[in-house]
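Numbering (our numbering), first residue to last: 589 to 751.
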């Protein structure tokens, strides 16, 4: 299974979490709202934000990054679904943290504008391949981990696979 969070099981050690890559997260908004954020991060103070709900790793990272800079956003929504956050951002309701792939593939094309790139905030989304623990290594799972890491590396030089 692919997931953006590692999983624990009731049966101690029954699941293995393979971290296969990290995708940079950017702050994006509709063009009109993005145009009002010329001084980053100062213009984020009081700006409408659409945040992922807890226990999202991205939610914690965004809140920490903003707090470190003394920024108090106006949180207008907390959502679990990335697609809902994307649609709210497209409709101009706020600034949303989304991974680079979501923004790049967002339709209609070009309607989401990146306000702050990940390198300025250091926010990323981890991707895990989760497998059941086996007595002997699973060659298919090993191959999948290697292929996913290669894919993440090929798609973007900023994606940092862990070996």
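Idealized CB from N, CA, C, for every residue including glycine.
Burial state of residue 713 is buried, judged by a 10 Å Cβ sphere holding 16 or more other Cβ atoms. Residue 675 and residue 719 have their C-alpha atoms spaced approximately 32 Å apart. Our two residues, residue 705 and residue 627, have alpha carbons roughly 13 Å apart in a direct line. In terms of Cα proximity to residue 668, the closest of 651, 645, 609 is 645.
Distance from residue 634 to residue 660 at the Cβ level is roughly 7 Å; contact confirmed, criterion being Cβ atoms closer than 8 Å. Note on residue 688: 16 or more other CB atoms within 10 angstroms of its CB, so buried under the neighbour-count rule. Per DSSP, reduced to three states, the secondary structure at residue 735 is helical. With a 10 Å radius around the Cβ and a threshold of 16 neighbouring Cβ atoms, residue 686 comes out buried. Contact between residue 653 and residue 710 holds, since their C-beta atoms are separated by about 7 Å, short of 8 Å.
In this chain, residue 700 is not harboured by any beta strand (DSSP E), its DSSP state being neither H nor E. Taking the Cβ atoms as the reference, residue 595 lies roughly 5 Å from residue 603, within the contact range of under 8 Å. Secondary structure note for residue 710: it is in no alpha helix (DSSP H), with a DSSP letter that is neither H nor E. The straight-line gap separating the alpha-carbon atoms of residue 619 and residue 591 is approximately 30 Å.
Around the beta carbon of residue 629, a 10 Å sphere encloses 16 or more other beta carbons of the protein chains shown; the residue is thus reported as buried.
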